[in-house]
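Counted the way the numbering used here counts, the sequence shown spans residues 7 to 398.
The C-beta atom is built at its ideal place from N, Cα and C for all residues, glycine as well.
Note that the structure is predicted; figures quoted are calculated from it, not measured.
What follows is one structure encoded as structure tokens, with my remarks underneath.
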Amino acid sequence: MTASKSALNPLDLFDVRSELSDDERMVQDSVARFVDEQAIPVMREAFEQHRFPHELISQVAELGLLGSSIDGYGCPGLNSISYGLICQELERGDSGLRSFVSVQSSLVMFPIYAYGSEEQKQRWLPAMAKGEAIGCFGLTESQGGSDPSNMKTHAKKDGDDWILNGSKMWITNGTIADAAVIWATTDEGVKGFIVEKDMPGFTSQEIDNKFSLRASITAALFFDDVRVPSANVLPGVTGLKGPLSCLTRARYGITWGVIGAAQACLDEVIRYTGDRVLFNRPLSHTQAIQIRLADMARRITTAQLLSLQLGRLKDRGELHPTQVSLAKWNNCRAAIDIARDARDILGGSGISAEYVPIRHMLNLESVITYEGTETVQQLIVGKELTGVNAFG
Ligand SMILES: Cc1cc2nc3c(=O)[nH]c(=O)nc-3n(C[C@H](O)[C@H](O)[C@H](O)COP(=O)(O)OP(=O)(O)OC[C@H]3O[C@@H](n4cnc5c(N)ncnc54)[C@H](O)[C@@H]3O)c2cc1C
């Protein structure tokens, strides 16, 4: 049996790249080059050592990837498709690296840009774009991330200041953050507070022993009578719509990011099954393996088309959060299933970090959980269809 070379790109069967503008292609290519040459060699080792690769921050910043959608304040003002492509290429390297960029861009810089005072924007956005200041986003609490309305962290007015008490759990970048955007209940409703790392009463503790996102920092944050000046409150939003609007942006990036992880897995198994000879023929010559590879390509293609359309809707200002939930659900499910199946196709080699699927598979356990679990995304879509809130 001879193998003939496909005219199609196996990682982009519907040629989504042909839909991109020249500028969008340029963004994708420059991030892809950085990921191949600088990030991938570092990420595997960082994952194994359970450490965040600080050395990549300045390079990510130089490429303009921090706050890339913001216009001004030292940020390039790229469109939503470009932000998606950035996430896709970074996550092709590792979900931990993409998480760092997502949190800084969508969960910290975005709320400061959208809801912050001019003084807060001037102070934080240029420094965050350069990677000189790091941010984190604290919404989740230990009593249940899926139900943010049960928030216990609270702030009380005291003269010109606020006194903040409570704790947050599972916070990306928590121990390295110069500024933590913390959502807390007040007598006026939920508000966002910029808590600075050296404010007395604010402490953080890294969560060790993770088997997922090992190249990303995750922490618990504690607030014990932290005095936060009024100047550090985000003036532009009150209520859960503040943090939820950030989550919609971050979820959008995730829909693209996980495509990159899935592409890395498919790429690996196409190569592996072409070389691996069992029963006198390469694995890729068997029907069962071809069906599994074809199914991976089908899922990746579906995910790509969903994210592309999502990006177009977002750039037209017509995006609905429910659409993002459907895509986050679909694309994370596709990626984790692909990673798990790729791990299996590699046999014993699949458990080694020398091959990418097990690392992506473990990372995707976090990605399918954070920013709203799969069930939460399904219930958001269900509510849209029926008009009934089934969360409670
Ligand atoms: C690595 C990592 C990084 C993270 N980074 C951040 C961060 O930077 N900032 C931040 O604020 N948070 C962060 N999170 C928290 C994340 O968003 C939460 O873990 C997530 O929202 C789920 O909350 P939970 O872990 O409390 O699970 P729970 O809310 O306790 O959910 C447990 C289970 O119950 C299911 N469930 C929930 N509600 C229902 C229902 N109504 N019906 C049926 N089933 C239901 C869920 O789907 C899940 O399977 C991070 C998490 C991880 C793992």
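Assuming residue i is part of the beta strand (DSSP E), what are its boundary residues?
i    : result
L170 : 167-178
Q211 : 208-212
F106 : Unbroken run through F106 is the alpha helix (DSSP H), 101-108; no beta strand (DSSP E).
V66  : No beta strand (DSSP E) contains V66, which is instead part of the alpha helix (DSSP H) from 63-68.
V33  : Unbroken run through V33 is the alpha helix (DSSP H), 28-40; no beta strand (DSSP E).
G378 : From DSSP, G378 is part of no beta strand (DSSP E); its letter is neither H nor E.
V201 : 195-202
From the DSSP output, in three-state form, read off residue i for me.
i    : result
T181 : coil
R287 : strand
P16  : coil
V234 : strand
I188 : strand
F229 : strand
P241 : coil
G78  : strand
L292 : First, the amino acid is wrong: residue 292 is Thr here, not Leu. Note: T292 maps to coil in three-state DSSP.
If distances are taken between C-alpha atoms only, which option among the options comes closest to residue i?
i    : options                : result
Q55  : L219, V33, S173        : L219
L242 : I364, K197, L96, S64   : According to the sequence shown, residue 242 is Gly rather than Leu. It is K197 whose Cα lies nearest to the Cα of G242.
M205 : K174, N238, C81        : N238
L131 : D281, G144, Q110       : Q110
S88  : S290, I223, G317, Q149 : G317
V114 : L240, F53, R233        : L240
L370 : S210, T292, S222       : S222
E124 : F106, W168, Q94, G78   : G78
M49  : G80, G102, L250        : G102
S402 : G80, E61, E95, P59     : Nothing can be reported for residue 402, as the shown portion of the chain is limited to 7 through 398.
G122 : T146, D184, T178, G248 : G248
L325 : D301, A267, Y258       : Y258
T209 : M175, I344, K216       : M175
I342 : N156, I260, N171       : I260
E274 : L312, T192, R365, L284 : R365
Y278 : Y361, A300, I200, I169 : Y361
V201 : K216, E212, D184       : D184
F229 : P327, E147, R298, R287 : E147
E30  : G83, S155, K389, A348  : G83
G207 : T178, K216, W168, T224 : W168
Q269 : D100, D28, D231, L62   : D100
R57  : A225, G80, L26, S27    : A225
H291 : I76, G280, D301, R298  : G280
V22  : K389, D347, V394, A309 : A309
K203 : I140, S155, A161       : I140
Which value, in whole angstroms, describes the spacing of the CA atoms of residue i and residue j?
i    : j    : result
A186 : S108 : 15 Å
I182 : N85  : 28 Å
V33  : L385 : 35 Å
S152 : G90  : 25 Å
E194 : L253 : 22 Å
S12  : M134 : 44 Å
A340 : L19  : 16 Å
R322 : Q315 : 11 Å
E380 : V373 : 10 Å
I306 : W335 : 13 Å
S173 : E138 : 26 Å
Y119 : D214 : 32 Å
Q329 : S236 : 36 Å
L145 : W189 : 6 Å
V387 : A333 : 10 Å
I357 : I351 : 11 Å
S251 : G245 : 11 Å
R233 : L368 : 39 Å
F40  : C142 : 24 Å
K127 : I344 : 41 Å
F106 : R287 : 43 Å
I295 : P16  : 15 Å
N395 : P117 : 26 Å
Looking at the unbroken alpha helix (DSSP H) that takes in residue i, where does it start and where does it end?
i    : result
F53  : 46-55
G472 : In the structure as shown, the chain starts at 7 and stops at 398, and residue 472 therefore has no counterpart that could be examined.
F116 : 116-121
Segments of 3+ residues assigned as beta strand (DSSP E) that fall wholly inside the segment 127-165:
141-144, 160-164
In chain order, each alpha helix (DSSP H) run of at least 4 residues that lies wholly inside the segment 346-373
363-373
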